[in-house]
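From first to last, the protein sequence lines are chains Y and D. Every letter in the first sequence is one number past the one before it in the numbering used here, and letter 56, counting from 1, is 56. If you want the numbering used here, it's the 1-based position in the second sequence plus 1000.
2 protein chains.
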Amino acid sequence: MEELKRTEIGSIGEFGLIDKIAAGAMIQHQTTLKGIGDDAAVIGTTAGKVMLVSTDMLLEGIHFDLSYMPLVHLGYKAVTVNVSDIAAMNGIPKQITVSLGLSNRMSVEAVEAIYEGIYAAAKDYKLDVIGGDTTASRAGLMISMTIIGEASEDQVVYRSGAKNSDILCVTGDVGSAYMGLQILEREKEVFKVDPNMQPQLDKYAAIVGRQLRPMARMDVIYELMDLNMVPTAMIDISDGLASEIFHLCKQSQLGACIYEDKLPISEQTFETAAEFSMDPNTAALNGGEDYELLFTIRQEDFEKIEHHHDITTIGYMHPPESGKVMVTTNKTTVALTAQGWIHF
Amino acid sequence: MEELKRTEIGSIGEFGLIDKIAAGAMIQHQTTLKGIGDDAAVIGTTAGKVMLVSTDMLLEGIHFDLSYMPLVHLGYKAVTVNVSDIAAMNGIPKQITVSLGLSNRMSVEAVEAIYEGIYAAAKDYKLDVIGGDTTASRAGLMISMTIIGEASEDQVVYRSGAKNSDILCVTGDVGSAYMGLQILEREKEVFKVDPNMQPQLDKYAAIVGRQLRPMARMDVIYELMDLNMVPTAMIDISDGLASEIFHLCKQSQLGACIYEDKLPISEQTFETAAEFSMDPNTAALNGGEDYELLFTIRQEDFEKIEHHHDITTIGYMHPPESGKVMVTTNKTTVALTAQGWIHF
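Following this line, the structure appears as C-alpha cells:
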C-alpha cells in the first residue's frame, strides 16, 4: 500500500485548514448570496416557497467505525443522511453547513478526504456548502451537519398527513444496509485474528455499498413531482421500516397493516441473511440506515406508481384500533414491533 | 448540598428523552410553520428578507470545563455564541437547532438542566428551538447548534464592507471573559488541593459572569436600527479583539489604527489583571469569548453614537499599506499582533 502523506493540522493552523476547505466549495444556487467566510451565510428566499431545516450528528464509535469506513465515503454518507431528511419532506436540498470535531489522530489529508466525499455529495445532490465549524476534539471524529431545503408551501409532506385506507409504499429495498454492516463486522473480526487476511467483500458488494455509501432517494422525489403526485405522508427509513411505520401511525393517528410477502428484500440481502442464519424479514423490518422512503398515497394515485420498478406497495393505513399489524406469509396476522436503534 | 435525583437516559430511551425535550419548546414566530417532530422543520419566508445561517460546535474539554461551568449556563452560553453570529450580520435571530452528544455520565436531569438554559436563552433572544439530534457519545458532552436569522437584504452587514477612514467601534468592554476564566481556573486548582475550600468568586462576580453567561449584543443591534444606522462592516469578538480587527482588515482590504488608551476595559478586569501581574491590554486584545461587537461606521454617523454609554470608538480604518497598528499610551506606534485562540 502506498504510504500516504501526513501533514499535521497544527502545522497549518485552524485558519489554514479553513482556507483549504473553503477553496473546494462551489456555489451552485443563486439563492446562496454568501457562503463560507463571514459570521453567517446569507440565503435569498423565493416567494411561495418555505425553507426546510434538518440536522444530524454522526459520532465515531457510535455511528461509524473508521476501521472499515473510508473517510471519503463517510463524508458522502453524512451528507446523504441529511439530504434524506429533506427528501422525506418532499423538498429539494439547497445548502448545508458542516461542523467537524477532529482528534489529533486526524491529519490535514484525512480532513481533505472527508471533504472530498462531502463535495462529491454536494455536487451529486446539487447542494452548496455554506459554512461550518472546525474544532479539535479530545475524543474521536464527530460530524454535525445542518441542511437547508426548499419546497412549495402546499407540497410539504409531513408524517402526520396519512388518511385511513391510504396505501403504504416503500422505495428500493430494505435490510441491505444492515446486512452489509454484518459483513463488515465479520470481516473486521477475521482481520483482527489474522491481519494478513484480505477481506472478501466482492460477493457482497451491493449490500456493503449500501452500508458504506447509501444514496438519498431524491430521484424518487423528482419522479413523483413529474407524476404530479404528492404523498399524503412521508418519512425516511433511518431506524428501520417497522420503527418508521410506528412514527407515521402515531403522527397520523392511524394503524397500519403490511404484508410480509410484499417486503422488498434484495437477493443478496436474502442470501446473506441465510448465511447468518437470520430471518431476512427481521433485517428488513428492524435493520436501520436504508435511507429509503416510506410514504402513503391516496388509493386513486395507485395506478400512477403501480408499475414503478423501484416503488413497492406493502400495505395500507387503517383505523388506530386495528393496530399496527403484519399479515405473515402463512396468512397469520401478527402485531408489528418496532425495535429501532437504541444508542443509549 | 441537596442530593440531586438521577434518572439514567437508558431508562426512558432516546424517544422518551426527545419527548421530554420537545415538551419545553415554545414557538414564538409565525414563520416557524413546523418545529420539532418531523424529518425537518419548516420555515416560512418573508418577501425582501434574506435568511442568515450560522453554526457552532462546543466540545467538553476544548470549549468548556464542566467542573466550573454549570449546565444551565452552558446551555444558555451555547445559544449566545450562535446569536452573536447573527447579530454580527445585523440580523434578527429566529430559529435554532440543537444537537447533543451525551456521555453515559449524563443523567436525564443533566440534559434537562442544559435545556433549561437553552430555553431561557430562546425566550430572552426570541428564538424558536425547531429541531436537533440527541445521541450517545463515547467521549464527553458535545453541543452543536445551527441558528437561522433574518435581515433585510439591503441591511446585511459583511466583514468586507469597511471603507477607508471609517471609524472602528466596540460595544461593551473586552478582556473580561478571559480574566473571568483565569479566576475560574485558579479556583479549580485551589479546590483540587483542598476540596473543602469554597471558591471565592464574589469579588469577581462581573468577570466570572462574563465567562459563564455572556450575552449576545442584540440590544445594540436594535439600538442601531432605531438610530437608522447600518454599520459598514461588523464581526463579533469571539477570538479576541486583535484577531477580529485582522479579519475586518483582510476582508475589507484595508489596514487599521487603534489607540491603546481607548480600549474599553472594565475596572474589575483591570484589577484582576494586576493581581495576575498581567497587562490588561493583552487580555483586552487577545482574550477571547467577549461576544461584543466590533464594527465600522461612516464618519458622518459618528455623532449618532458619540455619547452612547456602551459603544467606544477605538480607532479608524486606513489604507492597507499603513498596516494594522496601535498607538500606545506613550504615543509610540506598534504593529498589532493577533494571537487568537489556537485549539489545535
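In this text, a Cβ means the ideal position worked out from N, Cα and C, and glycines have one as well. Keep in mind the model is a prediction, meaning the values are calculated, not measured.
Around the beta carbon of H1073 of chain D, 16 or more other beta carbons lie within 10 angstroms, which makes this residue buried. Chain-order list of chain D residues neighbouring R138 of chain Y: L1059, E1060, G1061, I1062, A1139 and G1140, by C-beta distance under 9 Å. Identification of residues in the stretch 20-51 of chain Y having a C-beta nearer than 8 Å to some C-beta of chain D yields L33, K34, G37, D38, D39, A40, A41, V42, I43, G44, T45, T46, A47, K49, V50 and M51, given in sequence order. Counting every other CB atom within 10 Å of its CB across the protein chains shown gives A1136 of chain D a total of 16 or more, marking it as buried. Relative to the Cα of A206 of chain Y, the nearest Cα in the group Y:V220, Y:T337, Y:R217 and Y:I183 belongs to Y:I183.
Contact between M1057 of chain D and M1197 of chain D is ruled out by a C-beta separation of about 34 Å, above the 8 Å threshold. DSSP assignment within the stretch 54-122 of chain Y yields the following whole alpha helix (DSSP H) runs of 4 residues or more, N-terminal first: 71-87. Relative to the Cα of K1005 of chain D, the nearest Cα in the group D:I1258, D:M1106, D:L1168 and D:D1202 belongs to D:M1106.
Annotated as proximal: V1083 of chain D and P1093 of chain D, with beta-carbon spacing under 8 Å. In this structure, the alpha-carbon of V174 of chain Y lies about 5 Å from that of A284 of chain Y. According to DSSP, residue pairing for D1128 of chain D in a beta bridge involves D:Q1095. In the three-state scheme derived from DSSP, where H, G and I count as helix and E and B as strand, D1154 of chain D is classed as helix. By DSSP's assignment, F1295 of chain D forms a beta bridge with D:C1169 and D:M1234.
Linking H1063 of chain D to V98 of chain Y through their CA atoms gives a straight-line distance of about 18 Å. In the DSSP assignment, I1036 of chain D falls outside any alpha helix (DSSP H) and carries neither an H nor an E.
Here K1324 of chain D is bridged, per DSSP, to D:A1256.
Looking at the DSSP output, I1311 of chain D sits in a beta bridge with D:T1171. Chain Y places no beta carbon closer than 8 Å to that of I1265 of chain D, leaving this residue out of the contacts. Sequence-distant partners of M1069 of chain D (beyond 5 residues in either direction) whose C-beta falls short of 7 Å from its own C-beta, in its chain, are L1212. Separation of the CB atoms of F1295 of chain D and A1338 of chain D is rounded to 18 Å, and the pair is thereby denied contact status at 8 Å. When 8 Å is used as the limit between beta carbons, S1099 of chain D is near these residues of chain Y: T55, D56, M57 and S144, in chain order. For the stretch 1175-1204 of chain D, the set of residues with a beta-carbon nearer than 9 Å to any beta-carbon of chain Y is empty. Straight through space, the alpha carbons of D65 of chain Y and G140 of chain Y are spaced by roughly 10 Å. Taking C-beta separations shorter than 6 Å and ignoring five residues to either side along the sequence, the partners of E289 of chain Y in its chain run A177, following chain order. In the three-state DSSP reduction, I1265 of chain D falls in the coil class, being neither helix nor strand. With respect to chain Y, the C-beta atom of D1154 of chain D has no partner C-beta closer than 8 Å. Interface with chain D (8 Å Cβ-Cβ cutoff): T282 of chain Y is excluded.
Close CB contacts of P1319 of chain D within its chain, under the 8 Å cut and outside five residues either way in sequence, are with N1164, L1254 and G1255 (chain order). Spatial neighbours of Y1291 of chain D in its own chain (CB-CB distance under 8 Å, excluding positions within 5 residues in sequence) are listed in chain order as T1080, V1081, S1084, A1177, P1214, M1215, A1216, R1217, D1236, I1237 and S1238.
At a cut-off of 8 Å between C-beta atoms, M69 of chain Y does not count as an interface residue with respect to chain D.
Contact check for V1156 of chain D against G1091 of chain D passes: the beta carbons are separated by less than 8 Å.
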